[in-house]
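Report on the structure given below.
2 protein chains.
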Amino acid sequence: MNTPVSTRQKILETAVSIVDTNGAAHLTIDAVAAAAGLSKGGVLYHFPSKRALLEAMLALLMETSALRLEKLREEPGVQLLPMIGPLIMAEQEQQPKQRAMALAILAAAAEDPSLLTPARTYIAERFREAGSDTTDAQLAHVLLLATEGLRFLDMLNLLPDGVTNRQQLFARLLELSRELPR
Amino acid sequence: MNTPVSTRQKILETAVSIVDTNGAAHLTIDAVAAAAGLSKGGVLYHFPSKRALLEAMLALLMETSALRLEKLREEPGVQLLPMIGPLIMAEQEQQPKQRAMALAILAAAAEDPSLLTPARTYIAERFREAGSDTTDAQLAHVLLLATEGLRFLDMLNLLPDGVTNRQQLFARLLELSRELPR
DNA sequence: GTCACTGTACCGTCTGGATGGTACAGTGGC
DNA sequence: GCCACTGTACCATCCAGACGGTACAGTGAC
């Protein structure tokens, strides 16, 4: 048993890093195996097909995100915020490696757009939450959209560093969320 | 001469539609040729390599967007708005086909992330513009981020229809932009 | 006006390499 | 003994790109 759970994790993280540096088109089982220090057979042992690998990447992204949300909501200070608050914070506090996991969305979209179905449900739920405890659900949705915009631009390295500042933008988003009418 | 200009255009639009329905991984010169009613050689005549095709897709996206912006800014009513106004409107008034052109970003990212370099410059310029004529550049950037978030979620069909309404969201974004301090 | 030539817009075929997936024998730690 | 692999061999398919060729409109010299 060569630490099987973390091998799975390592494969998934390696896959994401390939998408990051080389693009989703170059996400191949061979490439993942080589970069993760495994044989092709080894990768296929954990994920019987490329589709399964992509599904797992997307699932990990959503699980990690859901877990982070759950923990944030347990914190006493956070419970005073509107629902949109932890959604913004969860995105803000991500480590670069976790943030890169969002590339699973690109990889899935590249291979087969129908793989995104679970993500659609997940995101719809976040929007529902964001609008659930304010009388101005639309404004809450605008804030969530901005958070998602930040995520996507960041993920594609399209964010202009000189013009904007991630941390300040998140701080502002949080501030705006505190002003939502209850 | 079989209307050569529109053939080029047709190829680019066909390429985008393939990315939309099948995913960027299935964007091949063969597939484009077949869907556009050309031979592979015919496509390669217009775009000497797949990379050139992707560059042209991205360039078309930015040209179209820039043109739409330019026209909007000439309209008298629009000139009273802050700079972020037309940026939001340009995104709002797009036809579905134009909106799908944004998938060029995904296709480029899938093939080679470095293809996105021109887009990076373009987006940086938009952010600079958005923050240039208000004392609250940060808020303008939040609005632009929301617009981009809308674009990306829409492009991946991740927008929850039941929860949000595109047109209402755009209207709200425009309203918020009018409240920006000058 | 016709002839030689050029440039444009393709078509159809081919090749080498990459890719997903299968199969299966072996191995080392627990 | 079985779990978690390795390693090799292999196959069918896909794909980018090169290449040779075709059709034809236009041009300019004579």
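First to last, the sequence lines map onto chains A and B. Following our numbering, the numbering of the first sequence begins with 98 at its first residue and continues without gaps. Following our numbering, the numbering of the second sequence begins with 98 at its first residue and continues without gaps. The beta carbon of each residue, even a glycine, is placed where N, CA and C say it ideally should be. These numbers were taken from a predicted model, which means no experiment stands behind them.
Restricting attention to B:L178, B:S229, B:L109 and B:R263, the CA atom closest to the CA of A130 (chain B) is found in B:L109. By the C-beta density criterion, S162 (chain A) is buried, having at least 16 other C-beta atoms within 10 angstroms. If you compare the alpha carbons of B:L247, B:P215 and B:L203 with that of A187 (chain B), the shortest gap goes to B:L247. Here L155 (chain B) is not near A122 (chain B), since their CB atoms are 8 angstroms or more apart. The segment 217-224 of chain A makes contact with the segment 251-261 of chain B; the number of CB pairs closer than 8 angstroms reaches 3 or more. Within the segment 210-231 of chain A, P210, L213, A216, R217, I220, A221, F224, R225 and G228 place their CB atoms closer than 8 angstroms to a CB of chain B, listed in sequence order.
Judged by beta-carbon spacing, L158 (chain A) lies beyond the 8 angstroms limit of A207 (chain A), meaning their Cβ atoms are not closer than that value. By the neighbour-count definition (other C-beta atoms within 10 Å, threshold 16), E160 (chain B) is an exposed residue. For L166 (chain A), the CB contacts under 8 angstroms within the same chain, skipping 5 residues up- and downstream, are P183, L184 and A187 in chain order.
Residue ranges of uninterrupted alpha helix (DSSP H) with 4 or more members, entirely inside the segment 117-205 of chain A and ordered along the chain, are 126-133, 137-143, 147-171, 181-189 and 193-197. Within the same chain, K107, I108 and T111 come within 6 angstroms of A133 (chain B) by CB-CB distance, once the 5 residues on both sides are set aside. By the Cβ test, the segment 263-274 of chain A is not in contact with the segment 221-231 of chain B, since fewer than three Cβ pairs between them sit closer than 8 angstroms. Excluding five sequence positions before and after V116 (chain A), the CB atoms of its chain that fall closer than 7 angstroms to its own CB belong to L124, L200, L203 and A204, given in chain order.
Sequence-distant Cβ neighbours of L213 (chain B) in its own chain, meaning closer than 8 angstroms and more than five residues away, are L155, I202, A205 and A206. For R269 (chain B), the residues of chain A that pass the 8 angstroms Cβ criterion are Q235, L236 and V239, in the order they occur in the chain. The three-state secondary structure of V239 (chain B), taken from DSSP, is helix. Contacts with chain A at 8 angstroms (Cβ-Cβ) do not include G182 (chain B). Just measuring C-alpha positions, the residue of B:T261, B:L164 and B:L150 sitting nearest L241 (chain A) is B:T261. Counting every other CB atom within 10 Å of its CB across the protein chains shown gives K168 (chain B) a total below 16, marking it as exposed. Chain order gives the chain A residues near T261 (chain B) as F224 and H238, where near means a beta carbon separation below 7 angstroms.
For S274 (chain B), the three-state secondary structure derived from DSSP is helix.
Neighbours of E208 (chain A) in chain B, taken as residues whose beta carbon is under 8 angstroms from its own, are G120 and A122 in chain order. Neighbours of I185 (chain A) in chain B, taken as residues at a C-beta separation under 8 angstroms, are lacking, since the least C-beta distance is about 11 angstroms. Looking only at B:Y142, B:D127, B:D233 and B:G120, the smallest Cα-Cα distance to A197 (chain B) is reached by B:G120.
Within the same chain, and ignoring the five residues on either side of E222 (chain A) in sequence, no residue has its Cβ closer than 8 angstroms to its Cβ.
Not one beta carbon of chain B lies nearer than 8 angstroms to the beta carbon of F144 (chain A).
Closest by C-alpha distance to R263 (chain B), out of A:D251, A:H238, A:L177 and A:E276, is A:H238. The residue from B:R170, B:Q189, B:P210 and B:P179 with its alpha-carbon nearest to that of E276 (chain B) is B:P179.
The Cβ-Cβ distance between P278 (chain B) and D209 (chain B) does not fall below 8 angstroms. For Q191 (chain B), the nearest beta carbon of chain A is not closer than 8 angstroms to its own beta carbon. Distance between F144 (chain B) and G138 (chain A), taken at the CA atoms: about 38 angstroms.
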